[in-house]
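Here's the structure we're looking at; comments come further down.
Below is the structure:
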């Protein structure tokens, strides 16, 4: 009995913990071979697969859990419908059946779940005995059905920590200053919202938080900002990269390079820079834009213990659900209690998830649209809990890379 | 017997550990009062000082050591020569003598040592019984005389860790990519050089490292880069913000805002962005610029144990040297052995240090000017050693701020 696992979409600090979970689940359930497809589904198409049986070695397994980014590489390949192009699906399934692979695990975000859904529709239609399971992953936390996504808690912990540090940094000089921190999130503001956890007292930074779920009003922002600077002197503002004005124009649009990625999302950058220029011109404050950039999705050195433990567990659960006969489903977290925090892992039809987005709901954003509510804090707090005991070598966090197991 | 301490210049993750060291040195030596001047020398001029005796509380003292940025705030005030404006020096010394303060400790970089030198020249000329000691601080590591500066080791550890993570992130897709990481350093390349510690094997990132000590040749860079991409597919390049071409023009100059800070340094930003545009236009690779920005100087969550321990020690030593009668000097680290690593703390005439800069020497940069040498690695390695046991509260690194002791 063999299985194959792959990773897709943007990297996170927990996606390899989920991979470790799938591997562990397969080992426990006596799979003969656990294969990894390199660069997502492309590995199967290009005959680029590796054996992951080496992770029976405990040290390697431990390192995999703490290694950020996608160990097996990733892809952004969007599969066609099998009714449009059957050949590609024939190729995938023929390859798998030849290797006696009956289980396919795909770790990814909403775009990746689309791949699982399409492959599952094909194997069902053709009556091929392959189980296809989706395992969630995304720092963006924007998947429907699941309470949260593996990788989000660690990104949130990094963001809250870094925003607290940037707030310290922002108040050293005795003059009015503005610091604008740009956080990832095209259309969902979960990551930006997590900056609120940085606060230690009333009036602490971040002072203003803008999510893409609300229209961004430039004049209102400048008024909000003036009030904060007047009261606190050093204002820290957190904004999602994807904030737009009421006409749907991205705030960064003037400086954006206008590139598009494969899935048709606009490539965003420069929201902090655009606001920095605006504040300097209009208000004359000393202002600095800081873009957290890729660091927020790959900071393996400060990861949430809960996130990593749950990420391993959900990977393991995916194997168990597949062995129970499930296919075309995604495993997800169901929060059953906040105090004490408790989740169950369940499985749900992937057709309800693929390509859909879970944005921040109204009750978690304040009326003024410039902060989050206590509901958001209650939701976020358990997700960053605990410090994962990262193993260091030569005074730096140790990692493992694909070339080390080849 | 009373003393006063202040912090000046850009914040670091270790400047408060040095403050803690001065406080500890004063407590051990039975000072009645340890005062802190808020916002550097400006606190004395504006009667804005605080008692630091509260740090007899062990918990507060421990938090101070791990809090990044300048606890007492900072300033960039450049004092005149006393021969030009005696009044300001009269004001400073009158304030101190009125409070029975006979010891002045100033924690800062080369600009701050200029303040110590000027104040010391004044008290010497006027025969005033005040001892003035400089205590080094700067992530830039660009002070002469001292082997390295407190704060540098922690910044180097953060940079090496982050560049390792960014390298992981950079290689997930099966396509040619370039990632350009911009690291602080106007004219000294120490911080950028520390990115080399991220490497785990031959061919690992960062693949190219450019320091401001060498002229940056755009055509040579593009050739270097093409070769790396051809061999490794995913290139990671680390550049100092302050790299210039052979005519002395900053690479970022096209995009720089052209602002100047008080000490006449050009305000730099956008070197990664400028190179990103260059690479996209000229080579057509998928390219991303990442600016580590202020995070590299305030990342209190990943600090070098050695840096923090040494930073406390040098603060304590400053008090001891002052009590021995020294004035107008800066305490510094003298490396006496590499294997095992050992330093002594000594004291040196500040006139040899103020306003001067220690750049990276020739033997630490390779002939091609696109990497560092083994001499640099040998120099750097001990400085990032050990993980400081950061105290967490509510799952985030805990800090202490000035308002909490008022």
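Residue numbers (the numbering used here), protein chains in the order written: chain Z, 1 to 406; chain G, 1001 to 1406.
Positions of the beta carbon are idealized from the N, C-alpha and C atoms, including for glycine.
These figures come from a predicted structure and were not determined experimentally.
query: Express the C-alpha separation of residue 198 of chain Z and residue 161 of chain Z in angstroms, rounding to a whole number.; result: 6 Å
query: So, helix, strand or coil for residue 1153 of chain G, using DSSP?; result: helix
query: Going by the beta-carbon positions, is the gap between residue 341 of chain Z and residue 148 of chain Z smaller than 8 Å?; result: no
query: Give the interface partners of residue 386 of chain Z over in chain G, defined as CB-CB distance under 7 Å, in chain order.; result: 1395
query: Would residue 161 of chain Z pass as an interface residue toward chain G - the criterion being a Cβ-Cβ separation below 8 Å?; result: yes
query: Are the C-beta of residue 136 of chain Z and some C-beta of chain G separated by less than 8 Å?; result: no
query: Given a cut-off of 8 Å, decide if residue 300 of chain Z and residue 1202 of chain G are closer than it, judged by their beta-carbon atoms.; result: no
query: At the level of alpha carbons, what is the spacing between residue 1283 of chain G and residue 1219 of chain G?; result: 11 Å
query: Can a CB atom of chain Z be found closer than 8 Å to the CB of residue 1299 of chain G?; result: yes
query: Identify the continuous beta strand (DSSP E) that holds residue 78 of chain Z and give its terminal residues.; result: Careful: residue 78 of chain Z lies outside any beta strand (DSSP E) and carries neither H nor E.
query: Tell me whether the segment 27–35 of chain Z and the segment 269–288 of chain Z touch, counting them as touching only if at least three CB pairs, one residue from each stretch, are closer than 8 Å.; result: no
query: Pull up the distance between the alpha-carbon of residue 34 of chain Z and that of residue 1177 of chain G, whole angstroms please.; result: 29 Å
query: For the beta strand (DSSP E) that residue 131 of chain Z lies in, which residues bound it at each end?; result: 131–136
query: Can you tell me whether residue 169 of chain Z is buried or exposed? The criterion is at least 16 other CB atoms within 10 Å of its CB, across all chains shown.; result: buried
query: Could you tell me which of G/1124, G/1006 and G/1362 sits nearest to residue 1076 of chain G, measuring between CA atoms?; result: G/1006
query: Under 9 Å Cβ-Cβ, which residues of chain Z neighbour residue 1067 of chain G?; result: 168
query: Distance, Cα to Cα, residue 1118 of chain G vs residue 182 of chain Z?; result: 41 Å
query: Enumerate in chain order the residues of its own chain whose CB-to-CB distance from residue 1208 of chain G is below 6 Å, with the five nearest sequence positions on each side excluded.; result: 1224, 1237 and 1370
query: Show which residues of chain C have a CB atom less than 8 Å away from the CB atom of residue 1392 of chain G.; result: Looking for chain C here will not work: the only protein chains present are Z and G.
query: Considering Cα atoms alone, identify which of G/1361, G/1200 and G/1331 is closest to residue 1351 of chain G.; result: G/1331
query: Counting along the chain, where does the beta strand (DSSP E) carrying residue 104 of chain Z start and finish?; result: 101–108
query: Determine the chain G residues that contact residue 338 of chain Z at a beta-carbon separation under 7 Å, and present them in chain order.; result: The premise fails here: residue 338 of chain Z is roughly 15 Å from chain G at the closest Cβ pair, so nothing lies under 7 Å.
query: Thinking residue 1312 of chain G and residue 1017 of chain G are a contact (beta carbons under 8 Å), I'd like their distance in whole angstroms, please.; result: 5 Å
query: Sorted by chain position, which residues of the same chain lie with C-beta nearer than 8 Å to residue 1402 of chain G's C-beta, five sequence neighbours on each side aside?; result: 1038, 1050, 1071, 1072 and 1073
query: Since residue 1173 of chain G is in the beta strand (DSSP E), which residue starts that stretch and which ends it?; result: It is not in any beta strand (DSSP E) - residue 1173 of chain G carries neither H nor E in the DSSP assignment.
query: Between the segment 278–310 of chain Z and chain G, which residues of the former have a C-beta closer than 9 Å to a C-beta of the latter?; result: 280, 288, 289, 290, 291, 292, 293, 294, 295, 297, 298, 299, 300, 301, 302, 304, 305 and 306
query: Please confirm if residue 164 of chain Z has its CB atom under 8 Å from at least one CB of chain G.; result: yes
query: Contact defined as beta carbons within less than 8 Å: I believe residue 1388 of chain G pairs with residue 1303 of chain G. What is the distance between those atoms, to the nearest angstrom?; result: 5 Å
query: Chain Z partners of residue 1172 of chain G, CB-CB under 7 Å?; result: 11, 69, 70, 73 and 74
query: Please compile the residues from chain Z whose C-beta is within a distance smaller than 9 Å of the C-beta of residue 1399 of chain G.; result: 164, 165, 168 and 200
query: What are the residues of the segment 218–231 of chain Z that lie near chain G, defined by any Cβ-Cβ distance shorter than 8 Å?; result: none
query: Can you tell me whether residue 14 of chain Z is buried or exposed? The criterion is at least 16 other CB atoms within 10 Å of its CB, across all chains shown.; result: buried
query: Given this structure, state the Cα-to-Cα distance separating residue 1020 of chain G from residue 1153 of chain G, to the nearest angstrom.; result: 17 Å
query: Would you tell me roughly how many angstroms separate the C-alpha atoms of residue 1349 of chain G and residue 1291 of chain G, rounded to the nearest one?; result: 37 Å
query: Ordered along the chain, which non-local residues of its own chain (more than five positions away) have a Cβ less than 8 Å from that of residue 1400 of chain G?; result: 1060, 1063, 1064, 1067 and 1071
query: Please report the distance separating the alpha-carbon of residue 1175 of chain G from that of residue 1232 of chain G.; result: 10 Å
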